[in-house]
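Before any comments, here is the structure.
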Amino acid sequence: MKQFLLAFDQILEKLTQAAAILAGIFLLATAFIIVYEVIMRGLFHAPTEWVLEISTYFIIVAGFLGLAITYRQRAHIQVDLLASKFSKKNSRNINLCLNLLATFTFLIFMTESMDQVTASFLYHKLSPSILRFPLFIPQFALVLGSALLLLEIIRRFLFDLFGLPDKLPIPDITDKNTKGVH
């Protein structure tokens, strides 16, 4: 089982890194098209009709593709006011329960998002703008991002369950510099 989990971790790490790079590309593209809009509007008095819509899609895609890497690197916001009061064993058990709850939550989110993407695709839903952009394309980022996050949550749950060391150590919540909110 340990070998399987370590292989799963390596594959998932590569997928998560690829999603993070893609998220960065979408953020960079957003910056470029917004600069383009500013130049067109400010210097040439020719505003575009597509920049707001496309930049919104890019930000949504980047946000959802960045969920998994944020969770893997423990860079998400954590409130550990109560966690510091528990023993390591109780804290581990609470983390296992929270990861199970997060698994079910994102499983529901992913399936509902997939239903939305499927409906948008089947009914040819388009954006109500001049672009008439197919909505299933940016909506699919919700499915992909939540699926990767779900796999990361399951990975961490299994690593905690079987006592496997994670590459990134759990932050020391007793450290005065990190106490409270991470």
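So the sequence shown is numbered by my numbering: it starts at 1 and just counts up by one. The beta carbon of each residue, even a glycine, is placed where N, CA and C say it ideally should be. Keep in mind the model is a prediction, meaning the values are calculated, not measured.
Item                                                                                                         : Value
As assigned by DSSP and simplified to three states, the class of Q134                                        : According to the sequence provided, residue 134 is Pro. The question's Gln does not apply to it. Note: P134 maps to strand in three-state DSSP.
Check whether F58 and A29 have beta carbons under 8 Å apart                                                  : yes
Any C-beta of chain D under 8 Å from that of F109                                                            : This model lacks chain D altogether, as it is built from one protein chain only.
4-residue-minimum alpha helix (DSSP H) runs that sit fully inside the segment 24–83, ordered along the chain : 51–65 and 67–72
Same chain only: Cβ atoms within 7 Å of H76, ignoring 5 sequence neighbours per side                         : T70
Strand pairing of L126, partner residues [DSSP]                                                              : P134
Three or more C-beta pairs below 8 Å linking the segment 97–108 and the segment 144–153                      : yes
Identity of the residue in T111, R72, F133 and A83 nearest F159 by Cα                                        : R72
Buried or exposed (CB count within 10 angstroms, at least 16 for buried), T111                               : exposed
CB-CB length for Q78 against S113, believed under 8 Å                                                        : About 25 Å; that fails the 8 Å criterion.
L22 in three-state terms, based on DSSP                                                                      : helix
Simplified DSSP assignment, three categories, for S146                                                       : helix
Own chain residues within Cβ distance below 6 Å of E37, not counting five before or after                    : T48 and V51
Span separating the alpha-carbon of L126 from that of G145                                                   : 22 Å
Per-residue burial, F32 [other beta carbons within 10 Å of its own, 16 or more giving buried]                : exposed
M115 in three-state terms, based on DSSP                                                                     : The sequence as given places Asp at residue 115; Met does not occur at that position. Looking at D115 - three-state DSSP - the assignment turns out to be helix.
Cβ neighbour criterion (16 or more within 10 Å) applied to L101                                              : exposed
Three-state secondary structure (DSSP) of S91                                                                : helix
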